[in-house]
Amino acid sequence: LQPLLMAMLLACLLLPLHGDASSAVLTRMRAPLSNPTHPWRSVAQRRVSVRSEAPPQAVIATPPTLDAYEDALRESIRVEDMQLESAAAKKDLALVDGEGEGESSGAKNKVRGKEPEMWIEGDSTEVTNFQRATLATIWAMSAFLLADALPAISGAPEGAMALLVVGFSMMFADFFSGVFHWAVDNYGNLQTPVFGSVIHSFQGHHSAPWTITYRPFVNNVHKIALPVVPLMGLASMLIHGNWMAEIFAVVFFNMQILGQEFHKLSHMIKTPPLITKLQRCGVLLSKKEHLAHHTSPFEGHYCIVTGHMNGLLDSTHFFRRLEALVYRCGGSEPNCWKLKPEMKDAVLNGSFNELSRVR
């Protein structure tokens, strides 16, 4: 199953990019970062803007700037640090929030934005029955695999092995989410077969990252869940009867889906206390970890399940080596090279130490 997933991913990477479409997406990624007066800085002009049929929770006069949103996210991290350091600080902050609730709420609405920015015509934040059915199918297959696997865990040795399988599957899920995220951030466009809509959404996400926070759970994860259905169905047939492989598959596929929700939580200015604690202790992707990705040229911190694999992959220049391989095999340059042209020579010459997270 793993070779099959990697083969599909590499096949998409090696497809030649459609010049006009890829240039348009790249322009949208680069412009708000290189030109402070560009309309995407204020998000006042949109190429595609689709209002949700369900009205957004926060409606204000004008959308936010990208800088304002990211500043608010950094401020939320700073406040969480203060809350952890001192119980007194937490009490004081709670009092301040209570006294200035109206002002605080208005500021929060302002950084969240007037409405989500859609990158595909017809997209919205509405939850549909088709989206519900997609998730229900995955969970039904997960229950089927677990029902077949769990009776085989009859003692302590099997239980210990099951825990190891779960742990390894979660780490591999984090690794795979990084590879997938790197691929869709850097290669392809809306015309790319199978993954075109996902690619377009991920690349557009850099210009309006707050959009994801408007999506309910089912709506947020369904684009990832859709290709999981046939892959999980294939896995169910191939590994039926192998309890360790069944547990691995259930954890892996569900973590890919939940990873998109963890991604959303890392973009929320204010999260519930339990979620904040889970992010801080490393169970979920933290705001600080993922915010490091949202700086041009978006060339690192790709893993979005827990983020634990980011340190290893970035320190070993794993993605730079993959980019060199893809370029030499198919001639496709990643978007991060186009955003920072000096990366190309350094990567192709193997001068990874000169990169030092070029920004």
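With our numbering applied, the sequence shown corresponds to residues 1 to 359, in that order. Cβ coordinates follow ideal geometry from the N, Cα and C atoms, glycine included.
Do you know offhand how far residue i's Cα is from residue j's?
i    : j    : result
E80  : L265 : 14 Å
F130 : A225 : 11 Å
N353 : R321 : 13 Å
S296 : W337 : 10 Å
S315 : H206 : 23 Å
I275 : T125 : 22 Å
P334 : N186 : 5 Å
R280 : S142 : 29 Å
T251 : G307 : At residue 251 the sequence reads Val, which differs from the Thr that was named. Cα-Cα distance, rounded: 16 Å.
G178 : N310 : 8 Å
S154 : L238 : 23 Å
A208 : I199 : 15 Å
L312 : G282 : 15 Å
F253 : L145 : 12 Å
A68  : N242 : 51 Å
Q260 : T213 : 11 Å
I120 : G196 : 10 Å
L355 : C329 : 22 Å
V184 : G204 : 11 Å
G300 : H317 : 9 Å
R165 : M255 : For the sequence presented, residue 165 should be read as Val rather than Arg. Computed Cα separation, rounded: 14 Å.
A152 : F298 : 44 Å
S351 : W139 : 46 Å
T271 : F319 : 31 Å
L190 : E289 : 28 Å
L150 : L231 : 21 Å
Can you tell me whether DSSP reads residue i as helix, strand or coil?
i    : result
A24  : Because the pLDDT of A24 is 48, which lies under 50, any placement of that residue in the model is unreliable, and the number read from its coordinates should be weighed accordingly. Residue state, collapsed to three classes: helix.
R320 : helix
A68  : helix
N129 : helix
S315 : helix
Y302 : coil
I199 : helix
L95  : Unreliable placement is indicated for L95, whose pLDDT of 39 sits below 50; the coordinate value is still reported in the next sentence. Helix at L95.
Q256 : helix
D174 : helix
I239 : coil
I269 : coil
S296 : coil
L190 : coil
S286 : coil
R377 : Coverage of the chain is limited to positions 1 through 359, which leaves residue 377 absent and any answer about it impossible.
E342 : helix
I247 : helix
L274 : helix
I153 : coil
M309 : coil
C281 : coil
P209 : helix
D123 : coil
Please name the residue, chosen from the options, that lies closest to residue i on a Cα-to-Cα basis.
i    : options                   : result
F262 : A173, P151, A162 and L163 : A173
F202 : M244, E342, M118 and H240 : M118
T128 : V221, A149, T271 and F318 : V221
M343 : T213, C329, E323 and K270 : E323
V218 : T211, E70, R132 and G331  : R132
K287 : Y69, I77, A68 and A72     : I77
I269 : A183, F298, E246 and L291 : L291
D71  : Y327, V347, H294 and L355 : H294
T137 : E299, M170 and G233       : G233
R215 : D123, V347 and E75        : D123
S169 : L190, V305 and G331       : V305
P157 : M244, A147 and M82        : M244
L284 : E75, M171, G159 and L150  : M171
N349 : S332, R74 and Y327        : Y327
Below 8 Å on the Cβ atoms is my contact criterion, and I expect residue i with residue j to pass it. Report the Cβ-Cβ distance as a whole number of Å.
i    : j    : result
I257 : V228 : 6 Å
W182 : H267 : Not confirmed; about 18 Å, so no contact.
H240 : D148 : 7 Å
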